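Right, one structure below, let's go through it.
There are 2 protein chains.
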Amino acid sequence: MTTIKDVAERAGVTVTTVSRVLNNRGKISSKTREKVNQVMKELDYHPNEMARSLFRKKSNIIGLILPMVSHPFLGEMAYFIEYYAYMRGYKILLCNSQMDRDKENEYLVLLKKNKVDGIIMGSHTTEVDEYIGLELPIVTFDRVIGENIPFVTSDNFEGGRLATEHLIECGCKKIAHITGNLSRDLLANKRTEAFFDVVRKHSIEHVLIQADLNIFDLDGYTKLFNDFFADHSDVDGVFATSYAKAAYFIKAGLERKIKIPERIKVVGYDDYRISSMFLPHITSIRQPVEQMCELLVDLIISQINKEPIQRENCFPVNLVKRQTT
Amino acid sequence: MTTIKDVAERAGVTVTTVSRVLNNRGKISSKTREKVNQVMKELDYHPNEMARSLFRKKSNIIGLILPMVSHPFLGEMAYFIEYYAYMRGYKILLCNSQMDRDKENEYLVLLKKNKVDGIIMGSHTTEVDEYIGLELPIVTFDRVIGENIPFVTSDNFEGGRLATEHLIECGCKKIAHITGNLSRDLLANKRTEAFFDVVRKHSIEHVLIQADLNIFDLDGYTKLFNDFFADHSDVDGVFATSYAKAAYFIKAGLERKIKIPERIKVVGYDDYRISSMFLPHITSIRQPVEQMCELLVDLIISQINKEPIQRENCFPVNLVKRQTT
DNA sequence: TTGTATGCGTTATCAG
DNA sequence: CTGATAACGCATACAA
Numbered sequence: 001m002t003t004i005k006d007v008a009e010r011a012g013v014t015v016t017t018v019s020r021v022l023n024n025r026g027k028i029s030s031k032t033r034e035k036v037n038q039v040m041k042e043l044d045y046h047p048n049e050m051a052r053s054l055f056r057k058k059s060n061i062i063g064l065i066l067p068m069v070s071h072p073f074l075g076e077m078a079y080f081i082e083y084y085a086y087m088r089g090y091k092i093l094l095c096n097s098q099m100d101r102d103k104e105n106e107y108l109v110l111l112k113k114n115k116v117d118g119i120i121m122g123s124h125t126t127e128v129d130e131y132i133g134l135e136l137p138i139v140t141f142d143r144v145i146g147e148n149i150p151f152v153t154s155d156n157f158e159g160g161r162l163a164t165e166h167l168i169e170c171g172c173k174k175i176a177h178i179t180g181n182l183s184r185d186l187l188a189n190k191r192t193e194a195f196f197d198v199v200r201k202h203s204i205e206h207v208l209i210q211a212d213l214n215i216f217d218l219d220g221y222t223k224l225f226n227d228f229f230a231d232h233s234d235v236d237g238v239f240a241t242s243y244a245k246a247a248y249f250i251k252a253g254l255e256r257k258i259k260i261p262e263r264i265k266v267v268g269y270d271d272y273r274i275s276s277m278f279l280p281h282i283t284s285i286r287q288p289v290e291q292m293c294e295l296l297v298d299l300i301i302s303q304i305n306k307e308p309i310q311r312e313n314c315f316p317v318n319l320v321k322r323q324t325t
Numbered sequence: 326m327t328t329i330k331d332v333a334e335r336a337g338v339t340v341t342t343v344s345r346v347l348n349n350r351g352k353i354s355s356k357t358r359e360k361v362n363q364v365m366k367e368l369d370y371h372p373n374e375m376a377r378s379l380f381r382k383k384s385n386i387i388g389l390i391l392p393m394v395s396h397p398f399l400g401e402m403a404y405f406i407e408y409y410a411y412m413r414g415y416k417i418l419l420c421n422s423q424m425d426r427d428k429e430n431e432y433l434v435l436l437k438k439n440k441v442d443g444i445i446m447g448s449h450t451t452e453v454d455e456y457i458g459l460e461l462p463i464v465t466f467d468r469v470i471g472e473n474i475p476f477v478t479s480d481n482f483e484g485g486r487l488a489t490e491h492l493i494e495c496g497c498k499k500i501a502h503i504t505g506n507l508s509r510d511l512l513a514n515k516r517t518e519a520f521f522d523v524v525r526k527h528s529i530e531h532v533l534i535q536a537d538l539n540i541f542d543l544d545g546y547t548k549l550f551n552d553f554f555a556d557h558s559d560v561d562g563v564f565a566t567s568y569a570k571a572a573y574f575i576k577a578g579l580e581r582k583i584k585i586p587e588r589i590k591v592v593g594y595d596d597y598r599i600s601s602m603f604l605p606h607i608t609s610i611r612q613p614v615e616q617m618c619e620l621l622v623d624l625i626i627s628q629i630n631k632e633p634i635q636r637e638n639c640f641p642v643n644l645v646k647r648q649t650t
C-alpha cells in the first residue's frame with residue numbers, strides 16, 4: 001500500500017507538504033505542488049480515508065437501517081437515499097434488520113463502534129429507549145421514537161381519508177379495510193384512523209382485516225383472503241394500507257373471477273415502480289418517496305453539521321386513480 | 326466520546342491492560358479483568374473500529390456495487406449478500422452505480438480509499454481494465470472481467486435451452502426471443518446463444534427482439550410491444566431473458582385480450598419473489614439466488630484471507646412451470 | 001514556503 | 001501479570 005510517506009520521499013519533501021497539497025492548505029510553491037501531484041499520479045496514491053476519519057473524527061458514513069432491502073418500497077428508499085447521500089459526499093452502510101430486534105440492536109452498536117456520522121432508520125422494531133443513549137444523529141421514517149428525534153413522514157391521515165372517500169364516491173356500500181399490525185406505534189396507523197373516521201361519518205358498513213404478514217408470504221395472504229371471501233361476499237370496496245395487500249387481494253379476487261373494479265373497487269398505498277409491469281394498475285395513494293429520501297439525507301447531514309432542523313416533516317400525499325376503481 | 330484511555334484511568338490501569346482484556350490476550354488477573362469490564366460497562370465504552378481498522382489494516386467492510394438496488398432481482402441479491410456478510414462479521418458499503426460508468430469508477434476509487442477489504446460486483450458497465458490496477462479482492466456476478474478474477478454465475482446456456490425446448494414441447498411453432506443489449510459481454514448472453522441453438526436444431530421459426538430498456542421504463546416497453554404485435558401476429562411462444570421482459574410482454578398481451586397461455590406461451594427468467602402477488606404466475610428459469618450470494622460472500626472472504634478459491638463457479642438452473650405455458 | 005513534533009484511538013513489542 | 005513506547009496513516013500547531 002502506498003502512503004503519504006512514500007509520496008513525500010519520492011517527491012523529496014516531507015509528509016506535511018504532501019498533506020498540504022492534498023488539502024489545499026497554506027502556501028506552497030507551484031513547483032513543489034506540481035512535483036507532488038506528479039508523484040501522486042505516478043504512485044497512484046490515494047489518501048487513506050480511515051486514517052483521515054480517525055483524525056477528523058468524521059467518517060462521512062451514514063448507517064441506513066432497513067427491515068429488508070428486498071422489499072420494493074424500501075429498495076426504492078435505499079436507492080434514493082444512496083443517491084442523495086452520494087451527491088453530498090456520504091457513503092451508506094447498509095443494515096438489514098430483517099425485522100429482528102436483536103439484529104437491529106446489534107447493528108446499532110456496530111454503527112456506533114464504526115463511528116458512522118449518523119443513522120437513517122427506514123423503519124424499526126426496537127423500543128424507543130435503545131436509541132436514546134446513542135448520542136448519534138438520527139432521523140427516522142414514518143416513526144416517532146423520541147422527543148428530540150426528527151422524522152420524515154407523509155400525511156397518513158389524509159391518505160386514509162382520500163382513499164376511503166374515493167371508494168365512497170365510487171358508490172361502495174360496504175368497505176373492507178386491510179391493514180397490518182396496528183400494535184406497533186407507526187405513523188402509518190393513521191391511515192386506519194382516517195378510514196374509521198370517514199366510514200363512520202358517512203355511516204358506511206365496514207369490516208377490518210388485520211394482515212400482519214411478510215410481503216413475500218403468498219400462502220399467508222392466500223389463506224387470509226380465502227377466509228375473507230367466505231365470510232364477506234357483500235363487500236364492494238377495499239382500502240389496503242399497502243400496495244402489496246391490495247395486490248394480493250386483487251390476485252385472490254381474480255382467481256375467483258371477481259370483476260375488479262366492476263364488482264369490487266380497490267385502493268392501495270405506495271406504488272412500487274416495478275408494478276408498472278403488471279395488470280391491473282392499482283388506484284393508490286402516493287407519497288413523494290424521492291423527496292422524502294432527499295429530506296432524510298438532508299436532515300441527517302444538517303444534524304451532523306450542528307445546523308438547526310425541523311423535527312416534524314410531513315409531506316402531502318395524493319390519490320392516483322387507475323384501473324381498480 | 327469515551328476512549329480506551331478513559332477506561333484505563335478510571336480503572337486505574339494502563340491502556341495496554343484495557344486492550345488486553347478487550348482482546349483476550351495475555352495473562353490478566355481476574356481481579357483487574359473484572360474491574361476493567363465493570364468500568365467499560367459503566368462508561369458504555371465501545372472500541373473505535375476505525376482506529377482498530379487503521380492499525381490492523383483491515384476494515385471488515387465489503388463494497389457492494391450494483392447498478393440499482395431498487396431492481397427487484399438486485400434488491401434480493403443485496404439482501405442475501407448483506408445477510409451472509411453480516412453472519413461472517415463483515416459490513417456492506419452500498420454502491421449504486423446507476424449504470425453510470427463515471428459513478429462506477431468513482432465508487433471504485435472511493436472503495437479503495439476507504440480501505441474496504443474486498444468488492445462484490447453485482448454487475449457493471451465498466452471496462453475490464455479499470456479493475457486490474459485495483460489490487461483488491463473482487464468477485465463478480467455473471468460477468469468475466471479478468472483472467473484471475475473469480476465469478477459466480479449460473480448455467481445460462483442450459484437456462485436458455487430449457488426455456489426454448491419447453492416452448493417447443495408445448496407445441497409452439499414460431500417463437501419470439503426478447504433479450505437485452507447483447508453488446509455487453511455478459512454471461513447472460515448465453516441464454517440467447519442457447520435459444521438460437523435449439524431453435525435451429527428443431528427448425529423452428531423465430532424472431533429476435535432487442536429491448537435495451539430500464540426495468541421501470543413502462544413507456545419503452547409499451548412502444549416496443551405495440552410494434553411487436555403489429556409485426557408478428559403469428560408468434561405463439563415467447564422466451565424472455567428476464568422476468569421483467571416477460572411480465573411487460575404479458576401485460577401488453579392481456580391489454581390486447583390475447584389469451585396466455587392459450588394463444589401465446591411465455592417463459593421468463595429469474596422470478597422476483599414479490600411477483601407472487603401478481604397474476605399470472607410466469608413460467609420461468611430459476612437460478613439459486615441465495616446460494617449464489619452466499620458463495621459470492623464466501624469467495625470474497627476467502628480471498629481476503631488469502632485462501633485458495635475456484636475461479637469459475639457455475640450453479641445449475643431449473644425451469645419452473647407455472648401459468649404461462 | 002517548508003519542516004518538526006504531536007495526536008487521533010488502537011494494538012503489539014519488549015521490558016520489568 | 002502489567003506498563004512504557006512505538007506504530008498504523010494522516011493533519012494540524014508551531015517553528016524556522
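Top to bottom, those sequences are chains W and D.
Here the first sequence stands for residues 1 to 325, numbered as in my numbering.
Here the second sequence stands for residues 326 to 650, numbered as in my numbering.
Here a beta-carbon is modelled for each residue, glycine too, at the ideal position from N, C-alpha and C.
Please read these numbers as outputs of a predicted model, since none were measured by experiment.
Grab the span of the beta strand (DSSP E) containing residue i for me, first residue to last.
{"i": "D:Leu693", "result": "Any answer about residue 693 of chain D is impossible in this case: the structure gives chain D only from 326 up to 650."}
Please say whether residue j and residue i have beta carbons closer to each other than 8 angstroms?
{"i": "D:Ile610", "j": "D:Tyr594", "result": "yes"}
{"i": "W:Leu167", "j": "W:Thr324", "result": "no"}
{"i": "D:Ile390", "j": "D:Tyr415", "result": "no"}
{"i": "D:Met375", "j": "W:Leu54", "result": "yes"}
{"i": "W:Ser59", "j": "W:Lys115", "result": "yes"}
{"i": "D:Ser448", "j": "D:Pro392", "result": "yes"}
{"i": "W:Val266", "j": "W:Ile258", "result": "no"}
{"i": "D:Ile634", "j": "D:Arg413", "result": "no"}
{"i": "W:Val7", "j": "W:Leu43", "result": "yes"}
{"i": "D:Leu533", "j": "D:Thr504", "result": "yes"}
{"i": "D:Phe554", "j": "D:Tyr573", "result": "no"}
{"i": "W:Ile282", "j": "W:Ala244", "result": "no"}
{"i": "W:Gly75", "j": "D:Gly351", "result": "no"}
{"i": "W:Gln303", "j": "W:Pro137", "result": "yes"}
{"i": "W:Gly237", "j": "W:Phe195", "result": "no"}
{"i": "D:Ile599", "j": "D:His396", "result": "no"}
{"i": "D:Phe564", "j": "D:Thr489", "result": "yes"}
{"i": "D:Cys618", "j": "D:Tyr409", "result": "yes"}
{"i": "W:Leu187", "j": "W:Asp142", "result": "yes"}
{"i": "W:Val317", "j": "W:Glu169", "result": "no"}
For my contact list, residue i and residue j are in at a C-beta cut-off of 8 angstroms; report their separation, rounded to the angstrom.
{"i": "W:Ile81", "j": "W:Leu296", "result": "6 angstroms"}
{"i": "D:Tyr404", "j": "W:Val289", "result": "Going by Cβ atoms, the distance from D:Tyr404 to W:Val289 rounds to 19 angstroms, so no, they are not a contact pair."}
{"i": "W:Thr17", "j": "W:Thr32", "result": "6 angstroms"}
{"i": "D:Val560", "j": "D:Ile500", "result": "7 angstroms"}
{"i": "D:Leu604", "j": "W:Leu254", "result": "5 angstroms"}
Looking at the secondary structure, which residues open and close the alpha helix (DSSP H) in which residue i lies?
{"i": "D:Ile406", "result": "Pro397 to Met412"}
{"i": "W:Arg56", "result": "Glu49 to Arg56"}
{"i": "D:Ser600", "result": "Run containing D:Ser600: none; DSSP gives neither H nor E here."}
{"i": "D:Met326", "result": "From DSSP, D:Met326 is part of no alpha helix (DSSP H); its letter is neither H nor E."}
{"i": "W:Val18", "result": "Val15 to Asn23"}
{"i": "W:Asn114", "result": "Element bounds for W:Asn114: n/a, residue is neither H nor E."}
{"i": "W:Ser374", "result": "The shown model of chain W, from 1 to 325, leaves out residue 374 of chain W, and the question about it has no answer."}
{"i": "D:Ile583", "result": "From DSSP, D:Ile583 is part of no alpha helix (DSSP H); its letter is neither H nor E."}
{"i": "W:Asp298", "result": "Val289 to Ile304"}
Across which residues does DSSP place residue i in a beta bridge pair?
{"i": "W:Cys314", "result": "W:Thr153"}
{"i": "D:Phe564", "result": "D:His502 and D:Val592"}
{"i": "D:Ser609", "result": "D:Gly593 and D:Val645"}
{"i": "W:Leu64", "result": "W:Leu94 and W:Ile120"}
{"i": "D:Ile463", "result": "D:Ile444"}
{"i": "W:Arg101", "result": "Its beta-bridge partners do not exist; DSSP assigns none."}
{"i": "D:Arg468", "result": "D:Leu511"}
How about residue i: is its Cβ closer than 7 angstroms to a heavy atom in the ligand ADP?
{"i": "D:Val563", "result": "Inclusion of the ligand ADP in the displayed structure is not the case, the ligand content being empty and no account of it being possible."}
| field | Segments of 3+ residues assigned as beta strand (DSSP E) that fall wholly inside the stretch 485-557 of chain D | value | 499-504 and 530-535
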